[in-house]
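Notes follow once the structure below has been shown.
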Amino acid sequence: MDSSVLIGPEALPALAELLYRPAVTRVFVLADSNTSRLCLPLLEKHLPADYCLIQIPAGEEYKTLESCATVWATLTEQRADRHAVLVNIGGGVVTDLGGFAAALYKRGIRFVQVPTTLLAQVDASVGGKTGVDFQGYKNQLGVFQAPAAVFIEPQFLQTLDPRQLKSGYAEVLKHWLIADADAFNQHRRLGWLTDDWTSIIRESVALKQRIVAQDPLESGPRKLLNFGHTVGHALESYLLTQPGREALHGEAVAAGLVCESWLSVQRGLLSADDLDKIETFVFSVFDKLAFVSLETAAIAELALQDKKNSGSTINCTLLNGIGNGVFDQPVTVAEIAESLRYYHRL
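In full-length UniProt numbering, the protein residues as written are 1 to 346.
See below:
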């Protein structure tokens, strides 16, 4: 499942070396309407002149089978064979969807990830998870399929607005909370803004790779990486149905970090002092998500569709102290709803 990950200014030249190999019959590039405008110009000089661009609209609402069909139709019309390579340049939607489309076309063609958002660079592009949303549920369809390689150019972060950059920071925070208390405490004192994103990306990717190497198919320790995502995915899915109230993935995960930390306190795993540290750090970066108390039951019900569940049991990752995640902790819909009410009262 492991893929080579190159980070820094040498990443895109290394991509060119891969794409110009004789064994590659054709290069296809998947981008959304934002990355084709903002990021493709930086990538283009590293691509063969005859590459074929496949563009989809930007946004989580387009992370669908219909968008995959657009990719598959173009690959078919262009007679892409199994020696073609799909280059996915974009954020988590593009890297997840592109990997899924490549894994299914002709039972699998090679793909590479060129993540352009912080969220995709530290999380979505690394680890071999691919997928799309289905019937309102996050990542309901997907496969484990490792990319041929991941090429991370931190310069792409300059194209992001502060909201998108913060969204990715939620995944960095998650990594520290489950496995690196020292980094959490260091950055809690320093604040979230930095002039050295490259170091943060390297450290975050390395942490995720160590966990994934132990459990490529998510039957054990890899579930730690889902901290914040049981509540986060439920919130994100619910708010996607509320026009004008949509939350970015990282914004929903940040709320999930608070809710699931609170659940950890209720189980006697996390101290109230640590919960206060987590809340203070999270709210120094993120605004609270807006929902009313009456909505918490409907949001919590969505957690029943979480992929980590076993039957009707909601399996959650919680914290046994900062830097020490514990997975497969059963929680009820009522407890999820109560954690949301706690968040709402803050």
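We put the CB at the ideal spot given by N, CA and C, even for glycine. Given the structure is predicted, the values throughout are model-derived calculations rather than measurements.
Provide the residue(s) that pair with ASN88 in DSSP beta bridges, ordered along the chain.
LEU30, GLN113
Identify whether ILE7 lies in helix, strand or coil by the three-state DSSP scheme.
Reduced to three states, the DSSP call for ILE7 is strand.
Residue 354: first and last residue of the uninterrupted alpha helix (DSSP H) it sits in:
For the chain, the structure presents residues 1 to 346; residue 354 sits outside this window and is missing.
Does LEU319 pass the burial test, meaning 16 or more other C-beta atoms within 10 Å, or should it be called exposed?
buried
Same chain only: Cβ atoms within 6 angstroms of VAL326, ignoring 5 sequence neighbours per side
LEU318, ASN320
Identify, in the order they occur along the chain, each residue of the same chain with its Cβ nearer than 6 angstroms to the Cβ of ASN305, setting aside the five sequence neighbours on each side.
Correcting the residue identity first, residue 305 is Gln in this sequence and not Asn. Once the five neighbours on either side are set aside, the close Cβ partners of GLN305 are TYR137.
Between which two residues does the beta strand (DSSP E) holding VAL129 run?
Sequence inspection shows Lys at residue 129; the Val mentioned does not correspond to that position. Residues 129-134.
If you drop the 5 nearest sequence neighbours on each side, which residues of the same chain put their C-beta closer than 7 angstroms to that of residue 355?
Absent from the structure is residue 355, since the part of the chain shown begins at 1 and ends at 346.
Of all the options ILE278, PRO9, GLU61, which has the alpha carbon lying nearest to the alpha carbon of ALA181?
ILE278
So, for GLU246: in the same chain, excluding its five sequence neighbours on each side, which residues have a beta-carbon less than 6 angstroms away from its beta-carbon?
LEU239, LEU240
What does a CB cutoff of less than 7 angstroms around PHE100 pick up in its chain, not counting 5 residues either side in sequence?
CYS68, THR130, GLY131, VAL132, GLY142, VAL143
Between the segment 113-120 and the segment 55-63, do at least 3 Cβ pairs fall closer than 8 angstroms?
At 8 angstroms Cβ cutoff, the stretches do not touch.
In whole angstroms, what separates the C-alpha of GLU153 from that of ALA11?
6 angstroms
Based on Cα-Cα distance, which residue from LEU18, ASP32, LEU43, LEU346 lies nearest to ASP287?
LEU346
Going by the beta-carbon positions, is the gap between VAL231 and GLY268 smaller than 8 angstroms?
no
Taking the C-alpha atoms as reference points, what is the distance between ALA103 and SER271?
43 angstroms
Beta-carbon within less than 7 angstroms of GLY127's beta-carbon, same chain only, minus the 5 sequence neighbours each way: which residues are those?
LYS208, VAL212
To the nearest angstrom, how far is the alpha carbon of HIS344 from that of GLU338?
Going from the Cα of HIS344 to the Cα of GLU338 covers about 10 angstroms.
For PHE100, which three-state DSSP category applies?
When DSSP states are grouped into helix, strand and coil, PHE100 belongs to the helix group.
Go ahead and label ARG37 buried or exposed: buried means 16 or more other beta carbons lie within 10 angstroms of its beta carbon, across all protein chains shown.
exposed
Would you decide whether ALA49 is buried or exposed? Buried here means 16 or more other CB atoms lie within 10 Å of its CB.
exposed
In the DSSP output, which residue or residues are listed as bridge partners for PHE151?
LEU6
Reduced DSSP secondary structure (H/G/I, E/B, other) of CYS68:
Reduced to three states, the DSSP call for CYS68 is helix.
Just to confirm my understanding: we take MET1, look at its own chain, exclude 5 residues before and 5 after, and list those with CB closer than 6 angstroms. What are they?
Caution applies to MET1, whose pLDDT of 44 falls short of 50 and renders its modelled position unreliable; the value that the coordinates give is listed next. Answer for MET1: GLY128, ALA146, PRO216, listed in chain order.
Just list the residues that DSSP pairs PRO330 with in beta bridges.
As a beta-bridge residue in DSSP terms, PRO330 pairs with ASN315.
Which of the three DSSP states, helix, strand or coil, is assigned to GLN140?
Annotated three-state conformation of GLN140 is strand, per DSSP.
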